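Asker:
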Amino acid sequence: MKKLILYIAESLDGFIAGPNHEMDWLFGDQDYGFNDFLTQIDTVLIGRKTYDFMKTAGEADGIKGQINYVFTSTPQKFQSTEKLIFTSENPAELWKKIRTTEGKDAWLAGGGEIAKPFIEQNLIGEYFLFVHPIILGKGLPLFKEISDRVDLKTIDVKSYSSGLVQIHLERK
């Protein structure tokens, strides 16, 4: 059965973007294991705002080689393809269908709004948090108003020369 992995960057104070959606503070100097991670997945789940950001970064077709599900309240405004599917389906219900399919694991790429139902329903198997050494003070939080406590176990912590710290966790 597929595992859902939240793999995401955040500031030290827990924001995934600044107050005006700016992400210029994210490090791009190293790979940080990202290409290795991509070999472990075949499915990407993202919110429409994250998809919009990906388009500006030249990824209008989603993550290449993966099946990309984009959650939006208006899927009819977009043209779905075999590898890029726009959906308004309940995220948790869609994941329950996807996780029983053959193949590799799935990446919950963000953002915070789309992560919330997966966190609250305890559907995320692993968390990879890439904590950047910056305090934004305000912005878009990764974990916003989660209804209940989520107990996690630390698997590994890596620090990089840039100051970035990768924290790998799993559900208890």
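Each number in the working numbering comes from the position in the sequence shown (counting from 1) with 1 added on.
Beta carbons are placed, not taken as given, at the ideal position from N, Cα and C, and that holds for glycine.
Computed from a predicted structure; not experimentally measured.
So what does Y128 bridge to, in DSSP terms?
Answerer: L7 and L170
Asker: What does a CB cutoff of less than 8 angstroms around F16 pick up in its chain, not counting 5 residues either side in sequence?
Answerer: L137, K139, G140, L141, P142 and L143
Asker: How do the stretch 42-56 and the stretch 112-127 stand: do at least 3 beta-carbon pairs fall below 8 angstroms, yes or no?
Answerer: yes
Asker: Looking at the structure shown, is D37 part of a helix, part of a strand, or coil, going by DSSP?
Answerer: helix
Asker: With a threshold of 8 angstroms, are at least 3 pairs of Cβ atoms found where one atom belongs to the stretch 93-103 and the other to the stretch 27-42?
Answerer: no
Asker: Measuring alpha carbon to alpha carbon, tell me which residue in L27, I135 and H22 is nearest D53.
Answerer: H22
Asker: From F72 to H169, what does the alpha carbon distance come to, in whole angstroms?
Answerer: So the two alpha carbons sit approximately 25 angstroms from each other.
Asker: Per DSSP, N69 forms a beta bridge with which residues?
Answerer: Paired residues: V45 and L85.
Asker: What whole-angstrom Cβ distance do L153 and Y128 have, given they're in contact under 8 angstroms?
Answerer: 7 angstroms
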